[in-house]
Structures are given as C-alpha cells and as structure tokens.
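The next block holds one structure in the form of structure tokens; read it before the comments.
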Amino acid sequence: MNFKLLSLLALGSLPIAMAGPLAYAVCQTGCNMVAVTCYSVAGFTFGAVAAPAAPPLILACNAAQGACMATCAATALLAPIP
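Residue numbering for the sequence shown follows the numbering used here, beginning at 70 and increasing consecutively.
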C-alpha cells in the first residue's frame with residue numbers, strides 16, 4: 070500500500086470532530102464587538118451602565134446582543150470541522 074492511501078484510510082476511520090466550542094467563542098466575540106460599538110455610538114461605555122438607569126437605546130443594544138448570542142448558541146455549537 071502506498072502512504073497516501075494508508076493515510077486516507079486512517080483519517081477516514083476517525084470520528085467526526087466538532088468545532089462547536091471554538092465557533093461559539095468566535096461568534097460570541099463578534100456579538101460583543103457589535104454591542105461595544107452600539108454602546109459607543111450611543112455615547113456610553115459597555116459594562117458601565119446600570120440597567121435601571123439605561124436609556125432605551127442601550128436597552129435595544131442589550132436586546133440585540135442577547136439575540137445574537139442566542140443565535141450563536143443555536144448554530145455555532147453544532148458546526149462540524151470541514
């Protein structure tokens with residue numbers, strides 16, 4: 070047997086690996102970057118606004134970040150390595 074065929078057979082017998090945790094981390098980082106940008110456009114610092122005193126624009130930023138992270142959890146955790 071040649072080396073290429075043997076390598077292909079060995080790799081083909083391995084179980085499918087999932088990239089879920091890494092893909093999830095990258096997706097969450099993207100969500101956080103968008104939230105920080107949203108806060109700065111509104112004139113606030115991300116993480117420094119108390120929820121009861123937050124203006125409606127900040128509440129919208131928080132809602133968008135929550136939706137983004139929920140989408141990450143629903144999709145990225147199931148992403149296989151190509």
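Virtual Cβ for every residue (Gly too), placed ideally from N, Cα, C. Note that this is a predicted model, so its numbers are computed, not measured.
Using the three-state DSSP reduction, which class does V118 fall into: helix, strand or coil? In the three-state DSSP reduction, V118 falls in the coil class, being neither helix nor strand.
Taking the C-alpha atoms as reference points, what is the distance between L147 and C107? So the two alpha carbons sit approximately 28 angstroms from each other.
Between the CA atoms of A104 and Y93 - distance to the nearest angstrom: Their backbone Cα atoms lie some 16 angstroms apart in a straight line.
Using the beta-carbon count (16 or more within 10 Å), is A143 buried or exposed? Flag for A143 reads exposed.
Does the Cβ of A119 have 16 or more other Cβ atoms within 10 Å, making it buried, or fewer, making it exposed? exposed
State the start and end residues of the unbroken alpha helix (DSSP H) segment that holds M125. For the record, residue 125 in the displayed sequence is Pro; it is not Met. Element bounds for P125: P125 to T144.
Taking C-alpha atoms, which residue in P90, C130 and A139 lies nearest to S109? With distances taken between Cα atoms, S109 lies closest to C130.
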